[in-house]
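A quick write-up on the structure given underneath.
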Amino acid sequence: MFVVKTPLIGLVDHVNTYVMKANDEDIVIDAGPDLFLSIMALRKNMKKLNVRLDRSLFIATHAHRDHIGATQKLAATSKVYIGYNELRKLASDEGQAREVLAFAVENGFPKHLAKGIIRLMLEVRLKDSLELVPLRDGDVLELGHYKLKCVETPGHTHGHVCLYDQDKRVLFSGDHVLRDITPNISSWSYEEDSLSAYLLSLKRLRDLDPIIVLPGHGRPLKDLKKRVQELVNHHEERLLEIIEILKVRSGDAYWISSKVKWKTQHPSWRYTSILYKWLAFGETLAHLNFLAKLGVVDRKVVKGKTIYQIVDVDATEVVKKVVASLFFSTP
């Protein structure tokens with residue numbers, strides 16, 4: 001097995017593309033984006049590895065551009081495996097850009113900034129000509145001496161999947177578990193509870209016992225259970241931080257996101273990039289939706305804007321108990 005660091009332009013500098021040599025066809029996991037720079041680099045690396053892309057099988061852990069974009073150009077004659085629920089979500093996303101724009105503006109994001117970034121950030125639209133094969137939870141792909149079991153892990157996207165080779169004890173985690181950064185968990189409607197989905201997905205990985213985890217970005221990791229606990233702690237701390245912000249005053253999601261302590265390239269929210277603001281805003285909404293679902297935060301509309309306010313003085317204890325029960329209760 002080989003890992004190719006396919007270059008990106010953005011907040012992370014590469015996506016990890018995993019290549020496995022099988023019998024009649026090679027396996028490519030997360031081919032990368034549809035950028036000229038990325039595709040040329042991938043072709044060059046595949047040639048070095050003696051991999052013929054026209055005879056390869058492609059797997060995408062999810063449908064973000066930086067993971068599946070390149071398959072639009074590289075997989076014209078190949079099968080592309082992707083999560084069943086990811087395909088269902090993509091099929092129902094016609095007109096999503098307009099809906100997300102309205103939702104973002106209602107929650108305080110400046111309209112003139114949202115218009116320019118919204119289509120870039122939404123999942124890629126896959127060509128009808130691609131031979132898409134849906135992966136359901138528990139499906140096993142037997143490819144040469146690899147047996148890759150699909151584990152549904154929604155949260156980062158609606159239909160994100162991880163792939164686990166139980167015999168080799170190798171987990172391909174996509175963007176579900178990363179070593180160096182925390183995956184972005186966003187919500188783009190009031191009904192979407194991405195954070196609950198993500199925490200429950202982390203819980204699903206507890207019984208796996210990989211000797212190595214191969215993520216979509218950054219370095220591999222060995223202690224999955226430790227990293228999972230760190231991710232759970234991170235989101236609990238973020239929930240508690242938002243509660244403390246709302247104890248000071250009510251506000252819209254964009255204002256709240258400006259008060260959260262993010263690890264940005266610039267210490268001032270004013271000079272933070274639009275892309276980072278968008279990701280931070282989406283993540284703030286995911287945490288606010290979680291708190292609203294618990295009943296410790298309420299929403300009200302004031303002059304066309306959604307305002308969030310604390311309604312439970314014991315909100316901190318409620319969050320701690322719910323996160324603990326959500327994650328540590330018996331599956």
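Numbering-wise (the numbering used here), the sequence shown opens with residue 1 and increments by one.
Glycine is no exception: its CB is placed at the ideal position from the N, C-alpha and C atoms.
Taking DSSP as the reference, what is the three-state secondary structure of residue i?
i: T6; result: strand
i: S56; result: strand
i: K222; result: coil
i: R299; result: strand
i: I39; result: helix
i: L205; result: coil
i: L282; result: The sequence given here has Gly at residue 282, not Leu. Note: G282 maps to helix in three-state DSSP.
i: V359; result: A question about residue 359 goes unanswered here, because the residues of the chain that appear run from 1 up to 331.
i: M46; result: helix
i: I243; result: helix
i: T182; result: coil
i: E230; result: helix
i: Y190; result: coil
i: D66; result: helix
Excluding the five sequence neighbours on either side, which residues of its own chain have a C-beta within less than 6 Å of the C-beta of residue i, listed in chain order?
i: V296; result: D312, A315, V318
i: A104; result: A114
i: L141; result: L148
Just how far apart, CA to CA, sit residue i and residue j?
i: N107; j: G10; result: 25 Å
i: R299; j: F109; result: 16 Å
i: H67; j: S38; result: 11 Å
i: Q166; j: R179; result: 21 Å
i: P210; j: I185; result: 24 Å
i: T182; j: K149; result: 24 Å
i: D13; j: I310; result: 39 Å
i: L275; j: T264; result: 11 Å
Below 8 Å CB to CB, which residues in the same chain sit around residue i once its five sequence neighbours on both sides are set aside?
i: V3; result: N16, T17, Y18, V19, L214
i: H160; result: T61, H62, G83, E86, E152, T153, P154, G174, D175, H176, S201
i: V248; result: none
i: D252; result: N107, G108, K305, T306, I307, Y308
i: L326; result: S196, L199, L200, K203
i: E236; result: V319, K320, V323
Leaving out the 5 sequence neighbours to the left and right, which residues in its chain are closer than 7 Å to residue i when beta-carbon positions are compared?
i: L240; result: T316, V319
i: S258; result: W269
i: W262; result: A280
Would you mind sorting residue i into buried or exposed? The rule is 16 or more other CB atoms within 10 Å of its CB.
i: D54; result: exposed
i: N289; result: buried
i: Y198; result: buried
i: E283; result: buried
i: A136; result: Per the sequence shown, residue 136 should be read as Arg rather than Ala. Exposed, because fewer than 16 other Cβ atoms sit within 10 Å of the Cβ of R136.
i: R227; result: buried
Does the beta carbon of residue i sit closer than 8 Å to a beta carbon anywhere in chain C?
i: M46; result: Here chain C cannot be found, since the structure has a single protein chain.
Under 7 Å: does the beta carbon of residue i sit that close to some heavy atom of the ligand GTP?
i: D209; result: By its list of ligands, the structure shown contains no ligand whatsoever, and the ligand GTP lies outside what it can speak to.
**Message:** So, does the segment 195-210 touch the segment 141-157, judging by three or more C-beta pairs under 8 Å?
**Reply:** yes
**Message:** Assess contact between the segment 21-41 and the segment 64-80, defined as three or more Cβ pairs (one per stretch) separated by less than 8 Å. Is contact present?
**Reply:** yes
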